[in-house]
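Peer 1: First the structure, which I've put down as structure tokens, then a few questions once you've had a look.
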Amino acid sequence: MKSLLISMIAGLLFVSFYSCNKDFLDRPDLDNITTSSFWKTPSDLELYVTQFYHNLPSWSPGAWNGGIYWWDGSSDNLIHTNVNNRMAGLYTINSGNGNWDYGDIRSVNIFLDKYPEVDAPMSEIGQSVGEGYFFRAWFYFDLLRNYGGVPWIEKPLAPDAEELFAPRESRDVIATKILEDLDQAISFLNSGKQANGNRISKEVAMLFKARVALYEGTWEKYHAGTEFGVSGKDGSNFIQMAADVAKNLMDNPAGFAISTNGDPQNDYWTLFNQTDLSSNPEVMVWRKFDLNQGVTHNGQRYLPRIGGSYGLSRQLVNDYLCSDGKPIATSPLYQGDATIMDVSANRDLRLSQTMWLPGELMATGRGQEDQFFEKAPIDASGSSRCPTGYMIYKGANPNRDHFFTGGVGTTTSPAFRFAEALLIYAEAKAELGTITQSDLDMTVNVLRDRVAMPHLIMAEIETDPNWLYPNLSPILNEVRRERHIEFALEGYRPDDIMRWRAHDLFVGKRLKGAKFDPETYPDVTVGEVVFLDEEGYIDPLQKQIPNGYQFNPGRDYLLPVPQEQLTLNTSLTQNPGWN
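First residue of the sequence shown: 1, per the UniProt record's numbering; consecutive thereafter.
Here you go:
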């Protein structure tokens, strides 16, 4: 394993850390330290673990992208002007090489090996130690999601250590070890919002533990009997753990709660475009950006202004219920999809707070005239284009202070929010077949209350002929729908598709966009940049994948182990379908 060997040989030569008042900011220049000069004080530990925070979900400092709001691009939620290679089945044996990386794990292992040298009580260093265990779990979970079972290394190793040439552990063993690390993190971390939400807390580790347990449990359940499953396991033990941990967190929230100001038209949207979330009870961790310290991003040069080459899919938009709580196929309130205003009329308010609608404020401030959204640029060039007609609004802040020139964006986004605990609990209980109306009332219906939606009543679920999972129970379909809508464009969807083995959502199909309205786009010539299907819906990938996505269910659920790793460590085996 070349990357692992190089990391181990390098040893503890350099450590990168942050120097911005302990806030969750970007890392500064590397500082040289040595083993003899470090590991002396609690501050040394705190600085060391801060280097790992940039791995949490957020905008990328300095980068030109849409932050977490583009992460669903490898799912059925978003369409890019270029086809997603993994969904299209275009990955090769070399496509995933950059993801097999033990560098951060090595750094955490050094920390966990060295922290006992600091002569201080656990009351002073426990928070940092807990963060160390949390981040080792975080990095291993990333490997688990991408490759399944991997070698487990939990201590700094010499270059010739036998462990460097160990075989892969079973994926359920790796999941168990990740959960054990999170138990350690929970035991050390402080409770409640830490550093105004810029650092990990005990409750965040609990939430992440529930996430990992649900992921592995549902993976084992839905991949059972395939080469990707775990022999003799159905995942029920992990799913039960997810339910138990999520319920414990809900019962002991340490001040965390669903955020609402009583404004259903905006409460959901404003979770995602603020500059400071320290007082928001729902956001458990967020990343601080500060223009004065030069820690900024360029994300608002996309979301409030241009398409960024992304657009919401019709499949996502159609999954939003109408305001009477019924699906569009059965609700008398549905106005059809001839125009974007028809699509959004009488719908779950989270839809209008996720995609742009005509008349919404796009740009304001800095002494310039206000600008308002008219229509998505479906035929624009480059990154200005929105290929589907449904343009991303979630995460957008129209204040020009964040995009009047490059590198001034300081809006933030949630890295963890309490809503996930509610939906993990609801899903786990539904998967176990033990969900009750009381469970729904403390989870799904709390989220629906924020946007003034009718409650989900188990005894009154109306059959939706367009359920995305027709082979599953009505309650599982509705709980999954709630997760789909609540977490749209936050990066959860790709993992959900993988753990649910839900390739039927797109394999052999092309995701579509809005219905083309010639009155809205009188200057667009169909067949040049914009293509339509036989029903008149925008068909952005018509020429690129005429036969639809060719994701291979017997291969593409995991990435290939890089060939160089197989050469360096002959104990490793390749993932199914990649030989």
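A virtual CB, placed ideally from N, CA and C, is assigned to each residue, including glycine.
What three-state label does DSSP hand His402 in the structure shown?
Peer 2: Here His402 sits in helix by DSSP.
Peer 1: List the residues that DSSP assigns as beta-bridge partners of Lys80.
Peer 2: One point to set straight first is that residue 80 is His, not Lys, in the sequence displayed. DSSP, once it has assigned bridges, lists Tyr310 as partnering His80.
Peer 1: Taking the beta carbon of Gln353 as the centre, do at least 16 other beta carbons fall within 10 Å, making it buried, or is it exposed?
Peer 2: The residue is buried, with at least 16 neighbouring Cβ atoms inside 10 Å.
Peer 1: What do you reckon, are the CB atoms on Ile461 and Glu478 nearer than 8 Å?
Peer 2: Contact: yes.
Peer 1: Taking only the alpha-carbon atoms, compute the straight-line gap between Ala376 and Tyr320 and give it to the nearest angstrom.
Peer 2: Straight-line Cα distance between these residues: approximately 20 Å.
Peer 1: How about Ile545 and Phe516: are their beta carbons less than 8 Å apart?
Peer 2: Not in contact: Ile545 and Phe516 (Cβ atoms no closer than 8 Å).
Peer 1: In whole angstroms, give me the CA-to-CA distance for Asn292 and Val408.
Peer 2: If I take the Cα positions, the gap works out to 10 Å.
Peer 1: May I ask you to verify whether the region 379-391 touches the region 252-267, counting CB pairs closer than 8 Å and requiring at least 3?
Peer 2: Segments in contact, no.
Peer 1: Would you tell me roughly how many angstroms separate the C-alpha atoms of Tyr268 and Val529, rounded to the nearest one?
Peer 2: Taking the straight line joining both Cα atoms gives about 34 Å.
Peer 1: If you check the beta carbons only, do Asn445 and Leu432 fall under 8 Å apart?
Peer 2: Not closer than 8 Å, so no.
Peer 1: Going by DSSP, name the residue or residues bridged to Ala175.
Peer 2: Looking at the DSSP assignment, Ala175 forms no beta bridge with any residue, so it has no partner.
Peer 1: By a C-beta neighbour count over all protein chains shown, 10 Å radius and 16 as the cutoff for buried, is Asn77 buried or exposed?
Peer 2: Flag for Asn77 reads buried.
Peer 1: Are Met355 and Tyr310 touching if we call contact CB-CB under 8 Å?
Peer 2: Cβ distance not < 8 Å, so Met355 and Tyr310 don't count as in contact.
Peer 1: Ignoring anything shorter than 4 residues, give me the alpha helix (DSSP H) runs that lie fully in the region 341-370, in order along the chain.
Peer 2: Complete alpha helix (DSSP H) runs here, min 4: 349-352.
Peer 1: Among Ser279, Ala242 and Trp59, whose alpha-carbon lies nearest the alpha-carbon of Thr260?
Peer 2: Nearest C-alpha to Thr260: Ser279.
Peer 1: Going by C-alpha to C-alpha distance, which of Asn569, Ser323 and Thr410 sits closest to Ala63?
Peer 2: Selected option, being the one with the closest Cα: Thr410.
Peer 1: Let me make sure I understand the geometry here. Which of Leu277, Ile174, Leu189 and Ser170 has the alpha-carbon closest to that of Asn230?
Peer 2: According to the sequence displayed, residue 230 carries Val and not Asn. Measuring from the Cα of Val230, the nearest candidate turns out to be Ser170.
Peer 1: Check whether the Cβ atoms of Leu572 and Gln565 lie closer than 8 Å to each other.
Peer 2: For Leu572 and Gln565, yes; Cβs fall inside 8 Å.
Peer 1: Look up His297 in the DSSP assignment and give the residues it is bridged to.
Peer 2: In the DSSP output, where bridge partners are listed per residue, His297 has Gly409.
Peer 1: Take Glu216 and list the residues in its own chain whose beta-carbon comes closer than 6 Å to its own, dropping the five residues that flank it on each side.
Peer 2: Once the five neighbours on either side are set aside, the close Cβ partners of Glu216 are Ala175 and Phe238.
Peer 1: Tell me which residues share the same chain as Leu357 and place their Cβ nearer than 8 Å to its Cβ, disregarding the 5 neighbours each side in the sequence.
Peer 2: If we look at Leu357 and ignore the five residues flanking it on each side, its Cβ neighbours are Ile340, Met341, Ser344, Phe373 and Tyr393.
Peer 1: Taking 8 Å as the cut-off, does the region 101-120 touch the region 138-158 (at least 3 CB pairs, one atom from each stretch)?
Peer 2: A contact exists between the region 138-158 and the region 101-120.
Peer 1: Count the other C-beta atoms from every protein chain shown that fall within 10 angstroms of the C-beta of Ser37, then say buried if there are 16 or more, exposed otherwise.
Peer 2: Burial call: exposed.
Peer 1: At a cut of 8 Å, does the region 131-140 reach the region 172-186 through at least three beta carbon pairs?
Peer 2: Contact between the region 131-140 and the region 172-186 is present, because at least three Cβ pairs lie under 8 Å.
Peer 1: Use the C-beta contact count for Ala459: other C-beta atoms within 10 angstroms, 16 or more gives buried, fewer gives exposed.
Peer 2: So Ala459 counts as exposed.
Peer 1: When you compare only the Cα positions, how much space is there between Asn579 and Leu541?
Peer 2: Whole-angstrom Cα-Cα distance: 30 Å.
Peer 1: Pick helix, strand or coil for Trp138, following the three-state DSSP scheme.
Peer 2: Note: Trp138 maps to helix in three-state DSSP.
Peer 1: I need the boundaries of the beta strand (DSSP E) containing Trp286, first residue and last residue.
Peer 2: It spans Val283 to Trp286 - the beta strand (DSSP E) in which Trp286 sits, taken as one unbroken run.
Peer 1: Rounded to a whole number of angstroms, what is the C-alpha to C-alpha distance between Thr330 and Asn471?
Peer 2: Each residue's Cα considered, the two are about 19 Å apart.
Peer 1: Opposite Cys322 in the DSSP bridges: which residues?
Peer 2: DSSP, once it has assigned bridges, lists Arg347 as partnering Cys322.
Peer 1: Taking the CB atoms as reference points, tell me whether Tyr147 and Val561 lie closer together than 8 Å.
Peer 2: Contact flag set, yes.
Peer 1: Assign Ser187 to one of two classes, buried (16 or more other C-beta atoms within 10 Å of its C-beta) or exposed (fewer than that).
Peer 2: By the neighbour-count rule (16 or more Cβ atoms within 10 Å), Ser187 is not buried but exposed.
Peer 1: Tell whether a beta-carbon distance below 8 Å holds between Leu56 and Gln127.
Peer 2: No, Cβ-Cβ distance for Leu56 and Gln127 is not below 8 Å.
Peer 1: Tell me whether Arg145 is buried or exposed, calling it buried when 16 or more other Cβ atoms sit within 10 Å of its Cβ.
Peer 2: Buried, since its Cβ has 16 or more Cβ neighbours within 10 Å.
Peer 1: Nearest to Tyr91 by CA position, among Tyr557, Met498, Tyr469 and Ile153, is which residue?
Peer 2: Answer by Cα proximity: Tyr557.
Peer 1: Is it right to say Gly251 is buried, meaning 16 or more other beta carbons lie within 10 angstroms of its own, or is it exposed?
Peer 2: The question names Gly, yet the displayed sequence has Asp at residue 251. Classification for Asp251: exposed.
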